[in-house]
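Enquirer: Convert by adding 756 to the 1-based position in the sequence shown; the result is the number in the numbering used here.
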Amino acid sequence: MTGKQLHLNLFIYPDGHHEAAWRHPDSETDRILDITYYQELAQRAEAAKFDAVFFADGPSLAENIQYAARFRLEPITVMTAIVAATERIGVIGTASTTYTEPYNLARQLSSLDHLSKGRAGWNIVTTGAANAALNFGLDAHPLHRDRYARAEEYVEVITKLWDSWEDDAVVADRESGVFADVDKIHRVDHSGRFFKVRGPLNAPRSPQGRPVYVQAGSSEDGRAFAARWAEAIFTAHQTLGSAQEFYADIKQRAQAQGRDPRGLKVLPGISPFIASTAKEAEELHDRFNELTQPEYSLAQLNRLTGVDLSSYDLDGPFPREIIDTDEERSEGSRFQLVLDIVEREDPTLRQLCHRLAGARGHRVVTGTPDQVADTIEEWAEHGAADGFNVMPPWLPGGIEVFIEEVVPILRRRGLFRTEYTGRTLRDHLGLERPASQYAPTHAKESA
757 MTGKQLHLNL
767 FIYPDGHHEA
777 AWRHPDSETD
787 RILDITYYQE
797 LAQRAEAAKF
807 DAVFFADGPS
817 LAENIQYAAR
827 FRLEPITVMT
837 AIVAATERIG
847 VIGTASTTYT
857 EPYNLARQLS
867 SLDHLSKGRA
877 GWNIVTTGAA
887 NAALNFGLDA
897 HPLHRDRYAR
907 AEEYVEVITK
917 LWDSWEDDAV
927 VADRESGVFA
937 DVDKIHRVDH
947 SGRFFKVRGP
957 LNAPRSPQGR
967 PVYVQAGSSE
977 DGRAFAARWA
987 EAIFTAHQTL
997 GSAQEFYADI
1007 KQRAQAQGRD
1017 PRGLKVLPGI
1027 SPFIASTAKE
1037 AEELHDRFNE
1047 LTQPEYSLAQ
1057 LNRLTGVDLS
1067 SYDLDGPFPR
1077 EIIDTDEERS
1087 EGSRFQLVLD
1097 IVEREDPTLR
1107 QLCHRLAGAR
1117 GHRVVTGTPD
1127 QVADTIEEWA
1137 EHGAADGFNV
1147 MPPWLPGGIE
1157 VFIEEVVPIL
1167 RRRGLFRTEY
1177 TGRTLRDHLG
1187 LERPASQYAP
1197 THAKESA
């Protein structure tokens, strides 16, 4: 054992991460539009000393809403309600660089970081859903490379805005009547290919300097982007070897950018089916898979591969020969993940659908609490993970059993904290607070 301390996030999907979770009798489907449901989940995770709760998002309605609870509540609104009901746990939400503007998002997330006393994180996405374009006056979704080019400039701009007030710009001197030192508040005067923003931000620098930068792309463009900007990266892997390759590659890329690789935390997703015996855990997993709707499963597979497979025999072999490897027809890294499963396991179409039903390509683990903990420890100790995004198959029971049965094992093995040692999300993740690029000492170091 290396004595490595893991980071754990609770990734909250409305009913849970299995696509049929809403049909399971133990899910609380009647509460998924009730804010107290999300507050209670966050409170459970905070009591277990998790680093953060995480919310995915997308700016369009899923085409297969007929068969699953895959609507989206706006994350910043939900996170604001959560920080009012918690004290220490971080909150990470998704916002698109393709379909938002830097100034507006800078204000929203800075406000959240202030109101939470430094617990905010931003999951930076370029948006993969092509139909989102039609909600924003565009005729077509921008190409993958163009979305990443915009994302690069977007993060440059928003970082300037969050840095535009130096830390000591607020004087609040009642005697002199000076509230702010205007020499320490800077226009950003950005003019680029995608954005023209004068600045400064209309609020002081937030407790963390800026929210934690999180990213979830594992394509070539995604890896390059993460190496430059990400402080935590969410990623999907089915095998230890794949996770190790990604971990080593992303750390090396960060180092090549002049960064300390320890400042980028790699957090794969894990979706555990837990029971008192391995057989019972497999049976639990099977019960969820029996609730899947083939129409939904095939639509998910279409989204990942770019191919309509609805006319093929579910119990026949997966038709590998019809898959086009053009990345623009797929979701990049997830597309490759599906191909890897097909080539490694040679599943039927139905078996492949069931393999992806649990967590959309993230690692599904079935077993006893000790077996789940063994998998977590193996990945942590063998260069595959700095922690995990825990993706319960159903809620709230799926996270309750993980907290009650697996977390104590991780603590006994010295892998997870028993108490928080700091107050901010950066503290939890062991990340430094960045200096403002406009501060004199930082400007001298950068010269």
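Even glycine gets a Cβ: it sits at the ideal position worked out from N, Cα and C.
1) Going by beta carbon distance, what residues of the same chain come within less than 6 angstroms of Gln-1049, once the five residues before and after it are set aside?
2) Give the range of the alpha helix (DSSP H) segment to which Thr-850 is assigned.
3) Which of the three DSSP states is assigned to Glu-1038 in this structure?
4) Considering just the uninterrupted stretch of the alpha helix (DSSP H) at Phe-892, what are its terminal residues?
5) Report the start-end ranges of each beta strand (DSSP E) in the segment 792-869 that is 3 residues or longer and not cut off at the edges.
6) I need the boundaries of the alpha helix (DSSP H) containing Asn-1058, first residue and last residue.
7) Any idea if Pro-1196 is buried or exposed, counting beta-carbon neighbours within 10 angstroms, 16 or more meaning buried?
8) Within a Cβ cutoff of 7 angstroms, which residues of the same chain sit near Arg-1179, ignoring the five residues on either side of it in sequence?
9) For a test of the three-state rule: what should DSSP assign to Ser-1086, helix, strand or coil?
10) So which of Arg-966, Glu-819, Gly-1153 has the shortest CA-CA distance to Asn-887?
11) Taking the beta strand (DSSP E) that Ala-988 falls in, what are its first and last residues?
12) From this set, Ile-1097, Phe-1029, Asp-782, which residue's C-alpha is nearest Gln-1127's C-alpha?
13) Taking Phe-935 and Arg-906 to be in contact with their CB atoms under 8 angstroms, please state how far apart those CB atoms are, rounded to whole angstroms.
14) Output the boundary residues of the alpha helix (DSSP H) element that contains Trp-918.
15) Report the start-end ranges of each beta strand (DSSP E) in the segment 1117-1196 that is 3 residues or longer and not cut off at the edges.
16) What do you reckon, are the CB atoms on Lys-760 and Tyr-1176 nearer than 7 angstroms?
17) Based on Cα-Cα distance, which residue from Ala-876, Phe-827, Tyr-855 lies nearest to Gln-864?
18) Below 7 angstroms CB to CB, which residues in the same chain sit around Tyr-855 once its five sequence neighbours on both sides are set aside?
19) Exposed or buried, Arg-1100, counting other C-beta atoms within 10 Å across all chains shown (16 or more means buried)?
20) So, is Val-913 buried or exposed, given that buried needs 16 or more other C-beta atoms within 10 angstroms?
21) Count the CB pairs spanning the segment 1100-1111 and the segment 982-989 that are closer than 8 angstroms, and state whether there are at least three.
22) Looking at the secondary structure, which residues open and close the alpha helix (DSSP H) in which Asp-977 lies?
23) Arg-1085: buried (16+ other C-beta within 10 angstroms of its C-beta) or exposed?
24) Using 8 angstroms as the Cβ pair cut-off and three pairs as the minimum, do the segment 780-798 and the segment 1011-1019 touch?
25) Does the Cβ-Cβ distance between Tyr-904 and Asp-977 come in under 7 angstroms?
26) Grab me the residues of Val-1120's own chain with a C-beta within less than 6 angstroms of its C-beta, minus the 5 sequence neighbours each way, in chain order.
27) To which residues of the same chain is Gly-948 closer than 8 angstroms at the C-beta, ignoring the five residues directly before and after it?
Expert: In this structure, then:
1) Tyr-823
2) That residue, Thr-850, is in no alpha helix (DSSP H); its beta strand (DSSP E) goes 846-852.
3) helix
4) Careful: Phe-892 lies outside any alpha helix (DSSP H) and carries neither H nor E.
5) 808-811, 846-852
6) 1050-1061
7) exposed
8) Arg-844, Lys-873, Gly-874
9) Any reading at Ser-1086 must be qualified, since the residue scores a pLDDT of 43, below 50, and its modelled position is unreliable; the value itself is stated next. Coil at Ser-1086, not helix or strand.
10) Glu-819
11) 988-991
12) Phe-1029
13) Not confirmed; about 36 angstroms, so no contact.
14) 900-919
15) 1119-1123, 1143-1146
16) no
17) Ala-876
18) Pro-815, Thr-883, Ala-888, Phe-892
19) exposed
20) buried
21) no
22) 976-985
23) Interpretation of Arg-1085 is limited by its pLDDT of 45, a score under 50 that renders its predicted location unreliable; no figure is taken from the coordinates.
24) no
25) yes
26) Ser-1027, Gly-1114
27) Glu-909, Glu-912, Val-913
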